[in-house]
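Take the sequence shown: its letters are residues 1 to 406, numbered as in the numbering used here.
We put the beta carbon where it would ideally sit given N, CA and C, even for glycine.
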Amino acid sequence: MDSLASYAIGVLVFIVAIQAAAIVTLLIRETQHRRADRTLRESEERFRRIVEGVPVMIWTARPDTTLDYLNSTCEEFTGLPMEKLLNEGWLDAVHPEDLDRCLGTYGPAIEARARFLMEYRVRRADGAYRWLLATGVPKYGPDGGFTGYIGSDIDITERRNAEDLTRESKAALEVSHREIQQLAGRLIEAQDAERARIARDLHDDVSQQLAGLSIALSGLEHRMAALGISQELQGDLRALHDRTTVLAQSVRHLSHDLHPTVLQHTGLVAALTSQCAEVERLYGTASSCSAEGDFGSLAPEAKLCLYRIAQEALRNVIAHAGASRADVRLLHTGDHAELTIADDGSGFDVTRPPKRRRGLGLVSIAERVRFAGGTLSITAEVGKGTCVHVRIPANGLVRSDGRPGA
Numbered sequence: 001m002d003s004l005a006s007y008a009i010g011v012l013v014f015i016v017a018i019q020a021a022a023i024v025t026l027l028i029r030e031t032q033h034r035r036a037d038r039t040l041r042e043s044e045e046r047f048r049r050i051v052e053g054v055p056v057m058i059w060t061a062r063p064d065t066t067l068d069y070l071n072s073t074c075e076e077f078t079g080l081p082m083e084k085l086l087n088e089g090w091l092d093a094v095h096p097e098d099l100d101r102c103l104g105t106y107g108p109a110i111e112a113r114a115r116f117l118m119e120y121r122v123r124r125a126d127g128a129y130r131w132l133l134a135t136g137v138p139k140y141g142p143d144g145g146f147t148g149y150i151g152s153d154i155d156i157t158e159r160r161n162a163e164d165l166t167r168e169s170k171a172a173l174e175v176s177h178r179e180i181q182q183l184a185g186r187l188i189e190a191q192d193a194e195r196a197r198i199a200r201d202l203h204d205d206v207s208q209q210l211a212g213l214s215i216a217l218s219g220l221e222h223r224m225a226a227l228g229i230s231q232e233l234q235g236d237l238r239a240l241h242d243r244t245t246v247l248a249q250s251v252r253h254l255s256h257d258l259h260p261t262v263l264q265h266t267g268l269v270a271a272l273t274s275q276c277a278e279v280e281r282l283y284g285t286a287s288s289c290s291a292e293g294d295f296g297s298l299a300p301e302a303k304l305c306l307y308r309i310a311q312e313a314l315r316n317v318i319a320h321a322g323a324s325r326a327d328v329r330l331l332h333t334g335d336h337a338e339l340t341i342a343d344d345g346s347g348f349d350v351t352r353p354p355k356r357r358r359g360l361g362l363v364s365i366a367e368r369v370r371f372a373g374g375t376l377s378i379t380a381e382v383g384k385g386t387c388v389h390v391r392i393p394a395n396g397l398v399r400s401d402g403r404p405g406a
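Structure, rendered in structure tokens:
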């Protein structure tokens, strides 16, 4: 009996010990839970204080997209109480023009559980609409389950205003640039028209008067010889006649330079061949012109454009390049005509801004090419010459202002 009693007492003691251990374990767990809850509450309280204190609108949303929390900054910004902002009440403050776009971004993003960014306008407490940048990210519970969204809104009105001003300034600059380009094109047209008018005046008036003066001087010279006037006076008259003849030739050359009639009568190739021969005769720079293709079918404005570009390029060669040779090459293929002027002169560094006197010639060429709706490329190397290559539409030129060439 003593053994049985001892056994029973031992079992009882063991059970009591187990119960005591369980109670202690439960007490420890309860203490840990309470501590964890207290820590969590403290953490949430710290987070709430931080969220309530930042000058950024913070919000959280349920999985069904309705808002369940907004910080006090949201109330201060909108001037609306919390109860009018929660759930879907915040939509009343969204600008009517932005509402559909806002919902079209916000709703699908939450359904897809994807991060989103959107810009929209919200009515501020003073009634003015301000641009906000909203950012939202999905949030998940301890078990990994989707619990909704947390997001923030910041006022970006000043940035948007600055962007609008920049866009307006850029648009105004582009309009101004187009107007300047169109003006440059019209100036080219006016310049060509004025050149043609002056050339006609020189040919029809001045040249004719100089020719008449030359004939009169020649007749007077014969009459003076018949009357036995002194040889010295006859010599002066002869010198005056010669100077008149030279002046008449200069006027003819000037008239031809202003408005090349040979371009109309004999064509572009002959006109440029004549121009090259003139350069070689007057300046000693060996010049040649070669052509491949039918240039008789080119539109008149295309011929004039190519002629003026070659003329300007050859002037640059004479004035700046110090070249011993310059070659002009024409090519007509398909719907485009190409012109190349290459020299063996001093060249220049294309990576640096050109000198003003050289640059004006290149600017004139570039403007003509742009006005004709073509392309221009210039290759050069110091001491190894320059090559100007132009490609323009052969017929029906379309200028950069969108109007067809005339």
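In the structure shown, I150 falls within a strand segment according to DSSP collapsed to helix, strand and coil. A direct Cα-Cα distance of roughly 36 Å separates A211 from S297. Of the residues assessed, Q249 falls on the exposed side of the cut-off, its CB having fewer than 16 other CB atoms within 10 angstroms. Rounded to whole angstroms, the separation of the alpha carbons of H332 and D294 is 6 Å. Looking only at G385, A286 and R370, the smallest Cα-Cα distance to R391 is reached by R370.
By the Cβ test, the region 103–118 is not in contact with the region 73–88, since fewer than three Cβ pairs between them sit closer than 8 Å. Remark: three or more beta-carbon pairs, one from each stretch, lie closer than 8 Å, so the region 58–65 and the region 132–150 are flagged as touching. With a cutoff of 9 Å on beta-carbon distance, V317 and T266 are scored as not near each other. When only Cα atoms are considered, E119 and K384 end up about 57 Å apart.
Counting along the chain, P393 sits inside no alpha helix (DSSP H); it lies in the beta strand (DSSP E) bounded by residues T386 to P393. When DSSP states are grouped into helix, strand and coil, R329 belongs to the strand group. Under the three-state reduction of DSSP output, N71 falls in the coil class, being neither helix nor strand.
Judged by DSSP secondary structure, T105 falls within the alpha helix (DSSP H) whose first and last residues are P96 to A112. Linking G141 to D68 through their CA atoms gives a straight-line distance of about 16 Å.
Where R121 is concerned, the enclosing beta strand (DSSP E) starts and stops at F116 to R123. In the DSSP assignment, I378 falls outside any alpha helix (DSSP H) and lies within the beta strand (DSSP E) extending over T375 to A380.
Secondary structure at A299: coil, using DSSP grouped into helix, strand and coil. Counting the other CB atoms within 10 Å of its CB gives V350 a total below 16, which places it among the exposed residues. In the three-state DSSP reduction, D236 falls in the helix class (H, G or I). With respect to the 9 Å criterion, D343 and C387 are classified as neighbours on the basis of their beta carbons. Bounds of the beta strand (DSSP E) holding L133 are Y129 to Y140.
In this structure A326 does not touch N395 by the C-beta definition: roughly 28 Å separates them, more than the 8 Å allowed. Put simply, of S214, A270, V246 and R186 the residue whose alpha carbon is nearest the alpha carbon of A291 is A270. Close CB contacts of M82 within its chain, under the 7 Å cut and outside five residues either way in sequence, are with L70 and E75 (chain order).
E292 is bridged by DSSP to L331.
Residues R391 of the same chain have their beta carbon placed closer than 6 Å to that of T375, with the five preceding and five following residues left out of the count.
With contacts defined as CB atoms closer than 9 Å, L132 and R121 qualify as a contacting pair.
Boundaries for A342: no alpha helix (DSSP H) harbours it, while the beta strand (DSSP E) harbouring it runs H336 to D343, taken from the DSSP string.
The residue from T73, Y307, R315 and H336 with its alpha-carbon nearest to that of R124 is T73. Proximity to L268 across G151, A366 and I309 peaks at I309, based on C-alpha coordinates.
For A271, the enclosing alpha helix (DSSP H) covers residues L268 to Y283. Here E381 is exposed. Its C-beta has fewer than 16 other C-beta atoms within 10 Å. For E83, the uninterrupted alpha helix (DSSP H) segment begins and ends at M82 to L85.
Cα atoms of T135 and L80: separation of roughly 21 Å, rounded to the nearest angstrom.
Around the beta carbon of V279, a 10 Å sphere encloses 16 or more other beta carbons of the protein chains shown; the residue is thus reported as buried. Checking the DSSP bridge columns, you'll see A226 has no partner listed.
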